[in-house]
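My numbering applies: residue 22 is where the sequence shown begins, and numbers increase by one.
Taking it in order: structure first as structure tokens, then the write-up.
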Amino acid sequence: METVRNFPVLIIYIFFIGSFIQPLVRNVRISLLLTVAISAVSSAASAAVVYYVRTNGDFLFDVAPWSAPWGIELSIGTLEAFVIAVICSVGTLISIYGIGMVEKEIPARNIKIYNALFLALLGSMTGIAATGDIFNMYVFIEITSITACGIISVKDDKKSIEATVKYLVYSSLASGCILLAIALLYGITGNLNIRYIHHHLTEVMYLYPRNVLLASCLIIVGFGLKAAMFPLHFWLPDAHSSAPTTSSAVLSALVLKAYSVGLIKILTGVFGIVVMSLLPLKTILMYLGSGAVLIGSLLAMTQSRIKRMLAYSSVVQMGYIFLALSLFNRTGFTGALFQILNHALTKTLLFLSAGNIKYYTGKESIEQLKGIGYRMPVTMAVFSVGALSMVGLPMTSGFNSKWYIGYGAIEAGKIGVLIVIVISSLLNAAYYLPVVVSAFFRRPSPGDEIQQPVNLPWFTSVPMIVMAVLIIVLGLYPDPVINFISGAAKIF
């Protein structure tokens, strides 16, 4: 079992080695299958890490021959093991779906480049979750940003290039904020290791209060911009709606989560509860999260295209995570982690469903989806499961994440947060349920009669069905996951 302690760094190596191998593969289909194989192996390794942490507890792994604070270490606890498993498993499902869709959306000359970027992106996100060094985290953040730009631009059309440039500019600004915050923390504490910074920060907090406050604000702005935290979300709709289907899924389901996990690691690991309680972080996160779930929902309601609606919905779902973090209690933090899993599965399912609709019918407008459920019953059935989870209906994973966040709000005495969650759920229903009703219970527009049902290839339908089943299973039996991730809330 001790061999499992090597798995986190091996997962990162496997992804990056696979990325470097991709350009050497001549056959496009082999390139796609190689991506699936590497992702699947990493998923199996991540499952072993989860089991090890559950059985033996947290552990540290020195990447270099010398130990921290001089060397870089990986710090693997419940949070890290959980997030790595989410990244690898959802990445595997997306890569399987990509076998049938990547060749249809991306020019043939760019497919191997896309696969290389996809694997590097998974590796860098795993690094963000696993590392115990803030500058090493910054390096992984930069790799994530660059590869994310790449998987948006591979379509080689005007919209995707424009969205890539916009994303790159704002991401660079965010990186500057994070780097400046790291420099401030290093100047105060003389360390880059998260554990050592936290130890020294509690001692020097009262000597350099303005520096600590500025560093915390820069961290929130930097990670908030990268994670599309309201009101820093303006780059997201164009990027997610212009990208290929698999890129949209990984951007919304995983990239945003990786940045939010980076923020969580710094807030809880670097600053800690004591320092955070002395700063206005709780209030900042609460107002930003409330704005995201309310205004984001209103913006989603105004969209006429399905992918842009899903993009604004991502702003809303990220808002729930920040709301949960603002509660500063175990129940709310558990809800935040469960929301990471819920949104990763659900938003991937919704984007893949939207990709099927666009490719097989050419329809992007919500108004054009009347009666589409009769032509694409499997796609719209799983889309409906995802939509109900986004609304937060019982027996879906979305209900449980909102339940824990809402219960955490009651424990914290934040009834206003609970009211915001209820209102946002009603707004979610206002833009998700009409799509489902229109697909199954309305007749197509004149001249758009129902054609023969679409027969989806197995590698397109199976990943979506698996995610729909997981959403229902996690809605009915959340306890195994809740019991595991609640261990990460021991800091409260």
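Glycine included, each C-beta is placed from N, C-alpha and C at the ideal position.
Membership of phenylalanine 82 in the beta strand (DSSP E) is indicated by the continuous run 80 to 83. Within its own chain, the residues whose Cβ lies closer than 6 Å to the Cβ of proline 484, once the five positions on either side in sequence are excluded, are Leu114, Ile117, Tyr118, listed in chain order. In terms of Cα proximity to leucine 206, the closest of Lys179, Ile120, Cys238, Tyr191 is Cys238. Here the alpha carbon of valine 84 sits roughly 21 Å from the alpha carbon of leucine 140. Per the coordinates, the alpha-carbon of asparagine 136 lies some 18 Å from the alpha-carbon of serine 273.
Rounded to the nearest angstrom, the gap between the Cα atoms of arginine 75 and alanine 102 is 9 Å. DSSP places glutamate 23 in no alpha helix (DSSP H); its state is neither H nor E. In the three-state scheme derived from DSSP, where H, G and I count as helix and E and B as strand, aspartate 259 is classed as helix.
Contact check for methionine 339 against leucine 300 fails: the beta carbons are separated by 8 Å or more. For leucine 414, the three-state secondary structure derived from DSSP is coil. Assignment of beta-bridge partners to asparagine 214 by DSSP yields Asp154. By the criterion of at least three beta-carbon pairs nearer than 8 Å, the region 216 to 235 is not in contact with the region 179 to 190. With a minimum length of 4 residues, the unbroken runs of alpha helix (DSSP H) contained wholly in the region 355 to 405 fall at 393 to 396.
As computed with DSSP, leucine 95 is found in a beta bridge with Phe82, Thr152. In the DSSP secondary-structure assignment, arginine 326 is bridged to Ser386. Nearest neighbour of lysine 328 by Cα position, chosen from Glu388, Leu409, His261, Ser64, turns out to be His261.
If you look at tyrosine 452, you'll find it in the alpha helix (DSSP H) that goes 436 to 462. Asparagine 504 is classed as exposed because its beta carbon has fewer than 16 other beta carbons within 10 Å across all chains shown. Of the residues assessed, isoleucine 512 falls on the exposed side of the cut-off, its CB having fewer than 16 other CB atoms within 10 angstroms. Under the criterion of beta carbons closer than 8 Å, alanine 489 and leucine 454 do not qualify as touching, at roughly 17 Å. The continuous stretches of alpha helix (DSSP H) do not include lysine 176, and DSSP gives it neither H nor E. In this structure, leucine 54 lies away from methionine 146, with their beta-carbon atoms at least 8 Å apart. With contacts defined by Cβ atoms closer than 8 Å, serine 263 and serine 193 do not form a contacting pair. The alpha-carbon separation between glycine 197 and tyrosine 341 amounts to approximately 26 Å. Three or more Cβ pairs closer than 8 Å define a contact, and the region 146 to 157 meets that threshold against the region 199 to 214. Counting along the chain, the unbroken alpha helix (DSSP H) around lysine 247 starts and ends at 230 to 247. Three or more Cβ pairs closer than 8 Å define a contact, and the region 356 to 366 meets that threshold against the region 98 to 112. In this structure, the beta-carbon distance from alanine 249 to leucine 257 falls below 8 Å. Look at the beta carbons and you see the region 289 to 303 not touching the region 312 to 319: under three pairs across the two are nearer than 8 Å. Considering only Gly394, Glu385, Arg50, the residue with the shortest C-alpha distance to threonine 266 is Glu385. Contact between alanine 202 and isoleucine 240 holds: their C-beta atoms lie close to 5 Å from each other, under 8 Å. Comparing alpha-carbon positions, the option among Tyr498, Ala460, Lys179 lying closest to proline 398 turns out to be Ala460. Taken atom to atom, the span from the alpha-carbon of alanine 509 to that of isoleucine 105 is near 14 Å. In this structure, lysine 379 keeps its C-beta atom at 8 Å or more from the C-beta atom of arginine 463.
Rounded to the nearest angstrom, the gap between the Cα atoms of alanine 313 and glycine 245 is 11 Å.
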